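Anchor point for the sequence shown: position 326 equals 329 in the working numbering, and the numbering is continuous, going up by one each time. All residues carry an ideal CB built from backbone N, CA and C; glycine is no exception. These numbers were taken from a predicted model, which means no experiment stands behind them.
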Amino acid sequence: MASQWCKKSRLRKVIWPLLAVPLFALATGALFPLVALKLDNLGFGEAFIGSVTSLYYAGSVIGALTYGLVVNRIGYKAAFVLIATLAAAAAFALSRFDDPDIWLSLRFLGGYALGGYYIVMDSWMSALGTRQTRGRLFALYETIRLLATGAGPLLIIAGSTTASFTVVAIGYGLSIVPVLRATDPHSRTGSRDLSAGLTSIARCFPLPLAVAFCGGVANASFYGLSAIYAKDAGLAPAMIAVFVGIVLVAPAISEIPIGALADRQRRMPVAVAASFVAVASCAFIIITKPTSVVVLIIASVFVGGCLVPLYALSLARIVDAVGEREVIRATTAGLLAYNAGALCGPVAAGLTMEQMGPGGLYLFLGLVATTAMLAAIVDTANVKCCPETAGTPASTS
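What follows is the structure, given as structure tokens:
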């Protein structure tokens, strides 16, 4: 009876923040095409649209770097309410102004809200899990987020109108409702000296952070350039849409079994196996140059489905070692490594494709996967600092 009560209690703690995830993710996914359409209708050129996008991600990085301090001070619930309110206000304001400077400022604020959101939710999910459940819980969270983000553009039926931006703002606002029913895993977490904590984590976990960096490189490169690869490979427009759609959904399917396996085994050996499968799949595409779209899609599904979960595996590995009280610092470090990879990955992948043709994408991804695999292998063998343990709850001291 006590065991059943504990399971029900844990489920109640998990369900409310998880219900907020699809609402926030739907709004975020819908906003990306909305912004591009709105700026195009206003007559802004591609350079300005690119600047707006870059500033958005710059805001996201700063949010990931600083918002842990807010969570430490006011707790998860209040921090989520604050960041969702900021996202809603910034989205709605986009429909009220045409001034380019205001747009740049609003998109920066929207990016900051996204970075803060990831700090809140990624650390919340990690804190609610245990060594035996963290992989599956985080994988479920990632699956819901990926599917909802991918479905977001489907909400934009009316085009870039005031009503569309209002719907997005409402989506952000509605995500607050289930969070109000949730309970913080703990109101205050770890030390408020975030910078010192990040230095300590970077010194103790350079290899898991390298795996997270590789995950960011691969994720952004694959998503950003897969359509270009398909076009240069000669696929028809309809097949390009099918190809991109399937490879984007693949990680949402692979996250849960990989997370479940990592709960039963150690995190980094699972990262080694996933990276190896990605390397083998990239090599297969490079060597055989498949002419069958079905074969290409299957191989690409293995590439993306194995590379995207690397961030979750590396973050869970760090949290397992440091304990739930340090989860915010661990999440901040992991997100910074991931975002650093996401910022530089597409540029490097694009240059590789320019030099070597469309197949250069899979050569680049194969090299990234190999790097992640080697980092995970060395971390598995390294027991000098914060060893990873399987089947033992993380320390909460």
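Can you give me the Cβ contacts of residue i inside the same chain, cut-off strictly under 8 Å, excluding the 5 residues immediately before and after it?
i, result
"Ala384", "none"
"Ala351", "Val220, Ser224 and Phe367"
"Trp106", "Leu42, Val55, Leu97 and Phe100"
"Cys347", "Val220"
For residue i, which residues from the same chain have a beta carbon less than 6 Å from its beta carbon, with the 5 sequence-adjacent residues on both sides left out?
i, result
"Leu26", "Gly174, Leu177 and Ser178"
"Leu117", "Ser63"
"Ser284", "Ala302, Phe305 and Val306"
"Ala23", "Ser178, Pro181 and Val182"
"Leu21", "none"
"Val311", "Asn222 and Pro254"
"Phe83", "Val123 and Val182"
"Pro240", "none"
"Val325", "Ala333"
"Val73", "Ala82"
Return yes when the Cβ of residue j is within less than 8 Å of the Cβ of residue i, no when it is not.
i, j, result
"Leu316", "Ala333", "no"
"Ser129", "Arg137", "yes"
"Thr146", "Ala255", "yes"
"Ile261", "Val252", "no"
"Ala205", "Leu212", "yes"
"Val2", "Leu238", "With the chain running from 4 to 400 in the structure shown, residue 2 is simply not present."
"Val123", "Ile86", "yes"
"Val214", "Ala379", "yes"
"Val296", "Met242", "yes"
"Leu140", "Leu150", "no"
"Lys80", "Asp187", "yes"
"Pro361", "Ala263", "no"
"Glu258", "Ala142", "yes"
"Phe35", "Pro103", "no"
"Ala93", "Gly113", "yes"
"Ala340", "Cys309", "no"
"Ala121", "Leu338", "With the sequence shown as reference, residue 121 is identified as Tyr, and Ala is not the correct amino acid for it. Result yes, Cβ atoms of Tyr121 and Leu338 sit closer than 8 Å."
Quick check on this structure: which residue in the options has the alpha carbon closest to the alpha carbon of residue i?
i, options, result
"Ala277", "Tyr314, Ile122 and Lys16", "Tyr314"
"Val180", "Leu149, Gly360, Ala372 and Trp19", "Trp19"
"Val17", "Asp101, Arg184, Ala263 and Arg270", "Arg184"
"Ile249", "Ala154, Leu201 and Ala343", "Ala154"
"Gly227", "Ser257, Ser284, Pro349 and Phe246", "Pro349"
"Gly32", "Ser57, Arg148 and Tyr60", "Arg148"
"Gly119", "Phe216, Gly219, Phe225 and Ile65", "Ile65"
"Phe111", "Leu58, Gln135, Thr294 and Leu97", "Leu58"
"Phe208", "Leu107, Ile321 and Thr373", "Ile321"
"Ala91", "Leu109, Gly46, Ile105 and Thr374", "Leu109"
"Ala166", "Thr374, Ala375 and Leu37", "Leu37"
"Val298", "Gln268, Arg267 and Phe246", "Phe246"
"Ile300", "Gly326, Tyr232, Thr88 and Tyr121", "Tyr232"
"Val275", "Pro156, Ala30, Thr374 and Thr69", "Thr374"
"Gly363", "Val330, Cys347, Ala286 and Thr294", "Ala286"
Here's the rule I'm using: 16 or more other beta-carbon atoms within 10 Å means buried, otherwise exposed. How should residue i be labelled?
i, result
"Ala67", "buried"
"Leu354", "exposed"
"Tyr365", "buried"
"Thr152", "buried"
"Phe100", "exposed"
"Ser229", "buried"
"Asp382", "buried"
"Asn75", "buried"
"Ala244", "exposed"
"Ile288", "buried"
"Asn44", "exposed"
"Leu89", "buried"
"Leu210", "buried"
Go through its chain and collect everything with a Cβ distance to residue i's Cβ below 7 Å, but skip five positions before and after it.
i, result
"Ile52", "Ala39 and Leu42"
"Phe95", "Phe168, Thr169 and Ala172"
"Ser190", "Reliability fails at Ser190, whose pLDDT of 46 lies under 50, so the model's placement of it is uncertain and the value that follows must be treated cautiously. For Ser190, where only same-chain residues beyond five positions count, the Cβ hits under 7 Å are Gly78."
"Val371", "Cys217, Val220 and Ala221"
"Ala265", "Gly138, Val273, Leu316 and Ala319"
"Arg15", "none"
"Ala201", "Looking at the sequence itself, residue 201 is Leu, so the reference to Ala does not match. For Leu201, where only same-chain residues beyond five positions count, the Cβ hits under 7 Å are Arg332, Thr335 and Ala336."
"Phe279", "Met376"
"Met359", "Leu366"
"Ala343", "Phe216 and Gly219"
"Pro156", "Gly32, Ala33 and Pro36"
"Leu29", "Ala151, Ala154, Gly155, Leu158 and Gly174"
Report whether the distance from the Cβ of residue i to the nearest heavy atom of the ligand ATP is below 7 Å.
i, result
"Ala61", "For the ligand ATP, the structure offers nothing, since it holds no ligand at all."
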